[in-house]
Structures are given as structure tokens and as C-alpha cells.
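In this note's numbering, the protein residues as written are 114 to 309.
Written out as C-alpha cells, the structure reads:
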């Protein structure tokens, strides 16, 4: 290829409009603004009351980021101490969420609201509890989203996080951090003053 032809091709790419992302697995991993608003409404009901509004928004952002960055077919390596490789990741759970978001909004509309996000908190709790108990009661929260139940996936990702552990013990444990031995004989610092 001649240098002039190569330069023209590179210049054409630089000025070409951005192409939409191709979804190779038939599922979008990006949540819509309306879905994010629904997650914020869910967060207000299911997350600990000790979290501020900003903290709850951070949890929603982390969930949305996890979904967005999920890679189907990714190598998962092996568990600690196990020589067998884990199977690659499956399809993104995001493909199963649109119907669940729609069902939550439909339940809110049945109570006279435009969406779950616009439903008063006490009525929102009833809709969310029904989503967790239909078709059968949910007994376990998944450690990572599976797509089986949107609300359980959202709760599970938070309640299995290091942040949730710190909040539960009111200590800066940093479960997933690698701390040195210096100071390991001391209790982790309290998160809040006044504590228990």
C-alpha cells in the first residue's frame, strides 16, 4: 500500500462519524435513563437507611457499570487452590432485564403511577416485595447478577460487596484490599463517630 493511500484512509477514519457499538451477543449492556431512575427508586427501598442519597446513587452507578462492562464468553480462570478452569462467562444478564423493568412499571401503573420511580415509597415497597416473591419467594441473593431477578441482582451485588461489609460492622475493614501486616493487631477504624 502506498503511503499516500494509507494517509488518506487514516484521515477518512478520523473524520468519519462514530459508528454505533455492535452488540455481538444480541444484548445491550447499557441501561436507559428510565431504567437508571427505576434502580434509584429501588435503591431507596432495599438499601440500608444508613446510606445517604449520594451513597445509594453510587450503588446504582456501580450496578450499571457492572452490567455495562460485563463480557460474555470471558475467561474466568480458576478458583483459589483449584487447578480446574471455570467455564467462561455466559450471556449478559442485561438481556433479561427489559421485561422485568417493564413489569415493575406495569405494577406501578396498576396503582395509578406513571412509573415505579414516581410511585410513593410505601407503595413502591409493596411492588418490590412482590417482584422478590413472584413466582416464588426468593431465599438467596446472588453474589453477582444472573438476570433471574433484577431486584435480587441489584441487592446481591451490593450486599456481597466490601462496602456492605464495612457498613455492617461500622468499620473500615476493606475486605477486598490487601493490607500489610503493619497495624494488623489493631481493630479497623470506625466508619462513623458515635458508633454502636
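Think of the CB as a built atom: it goes at the ideal place given N, C-alpha and C, for glycine as much as any other residue.
Just to confirm, are residue 251 and residue 272 a CB contact at a threshold of 8 Å? no
Neighbourhood of residue 303 by C-beta, 8 Å cutoff - its chain only, sequence neighbours within 5 removed: 283, 284, 285
For the alpha helix (DSSP H) containing residue 152, list its first residue and its last residue. 146-159
Would the stretch 234-250 and the stretch 150-161 be scored as touching if the rule is three or more Cβ pairs under 8 Å? Yes, the stretch 234-250 is in contact with the stretch 150-161.
Pick out whichever of 274, 267, 183, 288 has its Cα sitting closest to the Cα of residue 154. In terms of Cα proximity to residue 154, the closest of 274, 267, 183, 288 is 267.
Let me know if residue 313 comes out buried or exposed under the rule of 16 or more other beta-carbons within 10 Å of its beta-carbon. Since the first and last residues shown for the chain are 114 and 309, residue 313 lies out of range.
Output the distance between the C-alpha atoms of residue 300 and residue 142, rounded to the nearest integer angstrom. 40 Å
Using only the alpha-carbon positions, how far apart do residue 172 and residue 189 sit? Between the alpha carbons of residue 172 and residue 189 lies a gap of roughly 24 Å.
Use the C-beta contact count for residue 294: other C-beta atoms within 10 angstroms, 16 or more gives buried, fewer gives exposed. Its Cβ having fewer than 16 others within 10 Å, residue 294 is exposed.
Inspect the beta-carbon positions of residue 225 and residue 202 and report whether they are closer than 8 Å. no
Is residue 258 closer than 8 Å to residue 180 when the C-beta atoms are compared? yes
Going by other Cβ atoms of all chains shown within 10 Å of its Cβ, with 16 needed for buried, is residue 193 buried or exposed? exposed
Please report how far the alpha carbon of residue 219 lies from the alpha carbon of residue 228, in whole angstroms. In a straight line, the C-alpha of residue 219 is about 7 Å away from that of residue 228.
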